[in-house]
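Student: Before I ask anything, let me first share the structure, which is written out below as structure tokens.
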Amino acid sequence: MTASEGWRRGRRVAALAVAVTWALVPTGAAGQGGGAGMPVPLLPPDMRGEPPPQAPDRSAPGPVWTPDQPVGAPPPLGAPREVAPPPGGLTESERLLPGPGAPTTGTPGAPGSWTAVPATPAGHLTPREGGFPADLWTGTRAERVRDLIAALPTTVPSPVVVDLRRRLLLSQQSAPSGLSDAALLKARLSVLSDLGTPSEDLPAPADAAVATDDTFDRARLRALLAEARDDRACALADRVGTAYRAPLWQQVLVWCDLKEGPDPPRQAMLGLALLREMGAGATDDEAFFILAERMAGVNSPPPDSLTGAGAVTYRLLRAQPNVDAPADALRRDHPWTARALALADNGPPAVRAEAAEYAAAVGAISIADLTAAWRGLDVDPRDLETPVSQVVQTNTPLNRALAFRIVSRETDPARRAEGLLHPLETSRALTPALYITHARLYAPLIRELPVEPRVPSFLGAAAGRALFAAGSVEAGRAWLRRLRDQGEAGDVDAADAAALLWPLARMADTALGDPLPTDRLILWRQARAARLGEGAEARRALDQEHVRLLNLLEALGAPVEPVHWLPIRSNRVFIETVSGDDGGGYVDPARLDALDRAAQAGRMGEAVALALLALGPEGPGGASMETLRGVIGALRALDLTAEARRVAVEALLTGG
């Protein structure tokens with residue numbers, strides 16, 4: 117061990133000792149200038165990580181943070197009464213310990229200090245890069261901005277919701293009157309951190325005054341640990357030192373010692389003992405102690421629960437391949453846990469398969485990450501020889517991952533086309549909320565299939581549907597064109613597939629434009645009738661689909677005329693479908709009214725946030741027709757026509 121390594125380890129143990137000393141100070145004594153109960157400093161100031169005694173001079177323009185400076189998570193913000201509690205994802209082990217007068221600040225030159233850079237609105241998306249204008253919150257009250265951000269949905273399996281939320285949170289933006297840029301950024305970071313946003317995407321503050329809490333460092337640390345970027349996480353913890361009192365920071369120092377090899381566990385065990393001294397109130401993360409002790413060589417059974425577990429505990433779990441993740445490791449109300457499990461390269465395949473699928477659906481990981489996670493699952497090689505049609509009969513995340521593995525390893529185009537049909541159609545029928553996630557997963561495999569001189573007719577509707585759902589409009593257009601050509605040449609199945617694809621293509625592909633051809637609508641209705649069968653219920657279902665389709669097209673501005681409604685056989689079906697009397701989905705009239713007012717006034721940030729909330733907990737697929745028309749109309753009023761189309765496409769594919 118070198119002298120510098122020994123100094124660093126000694127500094128970590130010293131930091132733990134000082135932090136625990138602070139934690140054990142009786143409430144009311146910590147803030148006193150001297151007297152009974154005041155902790156006696158055991159170390160010189162440079163080892164204690166204390167800020168200089170004088171306050172920083174804020175009269176002159178202060179330094180600001182660099183984009184690579186660590187960031188963290190704020191105290192909870194209030195949410196509107198009618199929505200679920202605001203996201204934040206802070207576990208017991210990550211919350212600040214109570215007690216006034218604690219050393220919770222960072223100042224220039226202290227651990228967690230910052231570097232001066234030119235100030236810009238926090239965020240990295242500009243309008244040129246798909247972001248919203250920097251003044252998106254202008255005209256919205258400060259408290260309403262914070263409430264709307266805190267209430268943003270984080271568990272909706274909808275790509276358009278994920279995309280709009282991401283742009284809303286990551287766009288460069290200035291705070292409205294009555295709200296500081298730092299307060300706005302902290303509100304955004306609370307949601308971004310709970311989502312498991314990658315460390316590179318976390319916006320950095322542009323105001324030195326934000327160093328009065330650990331909001332920014334905490335979010336950066338969580339992201340780095342999920343990504344297993346240990347050197348940066350430990351460097352951040354070393355810089356922070358004892359500036360923050362949350363047990364999280366002492367936990368990460370223990371992890372940093374454990375990962376360095378056979379000698380550090382002695383230091384880590386001392387750190388664990390010191391954390392134990394903080395008492396049951398300091399942390400409810402018992403799994404952390406179990407996993408840390410096991411890594412240090414203590415022979416104890418693995419944890420059977422991750423209740424109260426924080427980011428460090430998930431990192432310890434990932435570092436121990438022989439420890440299975442407990443059943444409650446995936447906490448669906450906090451997507452960052454799904455990201456942490458999905459990015460791990462160990463753990464039970466069933467847990468990892470489910471975590472990766474869920475994380476991709478709610479935007480905690482990318483489709484590329486989902487592809488890598490499912491391809492990296494440890495499965496029995498004999499299972500890879502099982503026919504896909506048999507695998508999809510048991511519709512579990514692990515079997516869905518297995519089906520993807522089987523199809524993606526097939527190199528023969530004909531056999532791949534045959535295999536693709538089963539997972540795509542099974543997903544659409546049995547897991548509609550996940551269908552678009554699966555379509556995005558399989559779209560690259562579909563695009564590799566040749567379209568000349570022919571496409572396989574039996575796969576035509578399923579493949580075209582998945583391509584349009586995934587946003588691969590050019591590829592979808594090529595499949596539709598080829599199907600029509602084959603249909604005109606006498607291929608009945610191809611003509612049928614083209615008829616089924618027409619409405620979706622009309623919504624997704626702006627090139628189709630006006631007019632709205634009546635003959636295409638009739639062909640679509642005939643193709644759907646053939647699949648739904650005979651009988652009153654089948655005819656009723658067909659009429660409901662017809663009404664839903666025309667309403668979505670009309671909301672997008674298509675020239676729907678009286679002739680297009682003629683095939684509807686029942687006015688009652690029309691009224692029920694439009695009004696939602698048939699149980700047709702989520703609706704919040706008050707929120708829709710607020711959305712309309714915000715959109716008409718051009719309050720971009722407020723309107724986008726209200727649109728996401730108005731769609732409800734299931735996104736477009738679970739929204740009522742009234743809601744869909746209101747949201748689509750508002751997005752078009754904000755000149756977000758492409759996003760309005762995506763809402764309609766998702767509603768058509770996953771709703772009804």
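Here the working numbering is used: the first residue of the sequence shown is 117, the next is one more, and so on. Quick reminder that beta carbons are idealized off the backbone N, C-alpha and C, glycines included.
Judging by CA-CA distance, which residue of V276, G603, L374, A349 is the nearest neighbour of L407?
Tutor: For this step, residue 407 is matched to residue 291 along the sequence shown. Of the candidates V276, G603, L374, A349, the one whose C-alpha sits nearest the C-alpha of L407 is L374.
Student: When the distance is taken between beta carbons, is A441 closer than 8 Å to A480?
Tutor: Within the sequence shown, numbered from 1, the residue matching residue 480 stands at position 364. Within the sequence shown, numbered from 1, the residue matching residue 441 stands at position 325. Not in contact: A480 and A441 (Cβ atoms no closer than 8 Å).
Student: Per the DSSP calculation, A739 is bridged to which residue(s)?
Tutor: For the purposes of this step, residue 739 is taken as residue 623 along the sequence shown, with counting starting at 1. Note: A739 sits in a beta bridge opposite Y702.
Student: Looking only at DSSP bridge pairs, what is S287 linked to?
Tutor: Sequence index remark: in the sequence shown, residue 287 carries index 171 (1-based). Note: S287 sits in a beta bridge opposite L241.
Student: When burial is assigned at 16 or more other CB atoms within 10 Å of the CB, is G673 buried or exposed?
Tutor: Residue numbering aside, residue 673 sits at position 557 when the sequence shown is read from its first letter. With fewer than 16 Cβ atoms within 10 Å of its Cβ, G673 is classed as exposed.
Student: Does K302 come out as helix, strand or coil in the three-state DSSP assignment?
Tutor: Mapped onto the sequence shown, residue 302 falls at position 186. DSSP places K302 in helix when its eight states are reduced to three.
Student: By Cβ distance below 6 Å, which residues in the same chain neighbour N515 in space, the five residues on each side in sequence not counted?
Tutor: Position 399 of the sequence shown, counted from the first residue, corresponds to residue 515. V507.
Student: May I ask you to report which of helix, strand or coil DSSP gives H450?
Tutor: By one-based count along the sequence shown, residue 450 stands at place 334. Reduced to three states, the DSSP call for H450 is coil.
Student: Counting only runs of 4+ residues fully inside the segment 655-688, write out the alpha helix (DSSP H) ranges in chain order.
Tutor: The segment 655-688 contains these whole alpha helix (DSSP H) runs: 678-681.
Student: Can you grab the Cα-Cα spacing for the pair A767 / G732, in whole Å?
Tutor: Numbered from its first residue, the sequence shown carries residue 767 at position 651. Numbered from its first residue, the sequence shown carries residue 732 at position 616. Rounded to the nearest angstrom, the two C-alpha atoms are 12 Å apart.
Student: Examine the Cβ distances between the segment 519-539 and the segment 234-254 and report whether three or more of them are shorter than 8 Å.
Tutor: Not touching, per the Cβ criterion.
Student: Is the beta carbon of A578 closer than 8 Å to that of L540?
Tutor: Locating residue 540 in the sequence shown gives position 424, counting from the first residue. Locating residue 578 in the sequence shown gives position 462, counting from the first residue. Result yes, Cβ atoms of L540 and A578 sit closer than 8 Å.
Student: Given this structure, state the Cα-to-Cα distance separating D621 from P631, to the nearest angstrom.
Tutor: Along the sequence shown, read from residue 1 onward, the residue named residue 621 stands at position 505. Along the sequence shown, read from residue 1 onward, the residue named residue 631 stands at position 515. The sequence given here has Ala at residue 621, not Asp. Their Cα atoms are separated by approximately 14 Å.
Student: Pairs of beta-carbons, one from the segment 443-458 and one from the segment 282-302, closer than 8 Å: are there three or more?
Tutor: Short answer: they don't touch.
Student: Could you tell me how far apart the beta carbons of A278 and V589 are, in whole angstroms, since I believe they sit closer than 8 Å?
Tutor: Counting from one through the sequence shown, the residue named residue 278 turns up at place 162. Counting from one through the sequence shown, the residue named residue 589 turns up at place 473. It is Val, not Ala, that sits at residue 278 in the sequence shown. That pair is no contact at about 19 Å.
Student: What residues in its chain sit with their C-beta under 6 Å from that of R745, if we drop five residues either side in the sequence?
Tutor: As a working mapping, residue 745 is identified with position 629 in the sequence shown. Around R745: A671.
Student: Could you pull out every unbroken alpha helix (DSSP H) segment of at least 4 residues lying fully inside the segment 486-572, listed in chain order?
Tutor: If we require 4 residues or more, the alpha helix (DSSP H) runs fully inside the segment 486-572 come out as 504-507, 513-524, 529-546, 551-563.
Student: Mind checking which residues open and close the alpha helix (DSSP H) that includes V98?
Tutor: Because the chain in this structure spans residues 117 to 772, residue 98 falls outside the shown range and cannot be described.
Student: Check this for me: beta carbons of L665 and P633, under 8 Å apart or not?
Tutor: In the sequence shown, residue 665 corresponds to position 549, counting from 1. In the sequence shown, residue 633 corresponds to position 517, counting from 1. Contact flag unset, no.
Student: Would you check if the distance between the CB atom of P736 and the CB atom of V763 is smaller than 8 Å?
Tutor: Here residue 736 refers to the residue found at position 620 when the sequence shown is read from its first residue. Here residue 763 refers to the residue found at position 647 when the sequence shown is read from its first residue. Yes. Within cutoff.
Student: Just to confirm my understanding: we take A714, look at its own chain, exclude 5 residues before and 5 after, and list those with CB closer than 7 Å. What are they?
Tutor: Residue mapping note: residue 714 aligns to position 598 of the sequence shown, counting from 1. Closer than 7 Å at the Cβ level, and outside the excluded window around A714, lie E722, A723, L726.
Student: DSSP three-state call for T789: helix, strand or coil?
Tutor: Residue 789 falls outside the range modelled here, since the chain spans only 117 to 772, and no answer is possible.
Student: In whole angstroms, what is the alpha-carbon distance linking Q436 and S309?
Tutor: By 1-based counting over the sequence shown, the position of residue 436 is 320. By 1-based counting over the sequence shown, the position of residue 309 is 193. Cα-Cα distance, rounded: 24 Å.
Student: Buried or exposed: which applies to R392, given that a residue is buried once 16 or more other Cβ atoms fall within 10 Å of its Cβ?
Tutor: Here residue 392 corresponds to residue number 276 of the sequence shown, with the count starting at 1. It counts as exposed.
Student: Following the continuous alpha helix (DSSP H) through P363, name the residue where it begins and the one where it ends.
Tutor: Counted from its first residue, the sequence shown places residue 363 at position 247. Looking at the DSSP string, the run of the alpha helix (DSSP H) that includes P363 is 363-374.
Student: Could you check whether R598 and R57 sit closer than 8 Å to each other, using their CB atoms as the reference points?
Tutor: Here the chain has residues from 117 to 772 only, and residue 57 is not among them.
Student: Suppose you measure from the CA of S77 to the CA of V272; what does that come to, to the nearest Å?
Tutor: Shown here, the chain extends from 117 to 772; a query on residue 77 therefore has no answer.
Student: Among P464, A645, T770, L711, which residue has its Cα nearest to the Cα of T752?
Tutor: By 1-based counting over the sequence shown, the position of residue 752 is 636. The identity of residue 752 in the sequence shown is Arg, whereas the question assumes Thr. Taking only the C-alpha atoms, the option nearest R752 is L711.
Student: Could you tell me the alpha carbon to alpha carbon distance between A226 and A353, rounded to whole angstroms?
Tutor: Taking the first residue of the sequence shown as position 1, residue 226 is located at position 110. Taking the first residue of the sequence shown as position 1, residue 353 is located at position 237. Note that A226 scores 41 on pLDDT, short of 50, meaning its location in the model is unreliable and no value can be drawn from it.
Student: DSSP state of E653, grouped into three classes?
Tutor: Residue mapping note: residue 653 aligns to position 537 of the sequence shown, counting from 1. Helix, per DSSP.
Student: Give the straight-line distance between the Cα atoms of A559 and L337, rounded to the nearest whole angstrom.
Tutor: Residue numbering aside, residue 559 sits at position 443 when the sequence shown is read from its first letter. Residue numbering aside, residue 337 sits at position 221 when the sequence shown is read from its first letter. About 34 Å.
Student: For L708 and R647, I'd like the C-alpha separation in whole angstroms.
Tutor: Along the sequence shown, one-based indexing puts residue 708 at 592. Along the sequence shown, one-based indexing puts residue 647 at 531. Spanning the two alpha carbons is a distance of roughly 35 Å.
Student: Between which two residues does the alpha helix (DSSP H) containing W618 stretch?
Tutor: Within the sequence shown, the letter at position 502 stands for residue 618. Counting along the chain, the alpha helix (DSSP H) containing W618 begins and ends at 608-624.
Student: Are the CB atoms of P321 and A403 nearer to each other than 8 Å?
Tutor: Numbered from its first residue, the sequence shown carries residue 321 at position 205. Numbered from its first residue, the sequence shown carries residue 403 at position 287. Taking 8 Å as the Cβ cut-off, P321 and A403 do not qualify as a contacting pair.
Student: Roughly how many angstroms separate the alpha carbons of P219 and G387, rounded to a whole number?
Tutor: As a working mapping, residue 219 is identified with position 103 in the sequence shown. As a working mapping, residue 387 is identified with position 271 in the sequence shown. With a pLDDT of only 32 at P219, under 50, the local geometry of the prediction cannot be trusted, and no value is derived from it.
Student: Specify, as a first and last residue, the run of the alpha helix (DSSP H) that W640 falls within.
Tutor: In the sequence shown, the residue the question calls residue 640 occupies position 524. Taken as a continuous stretch (DSSP letters only), the alpha helix (DSSP H) holding W640 covers 634-648.
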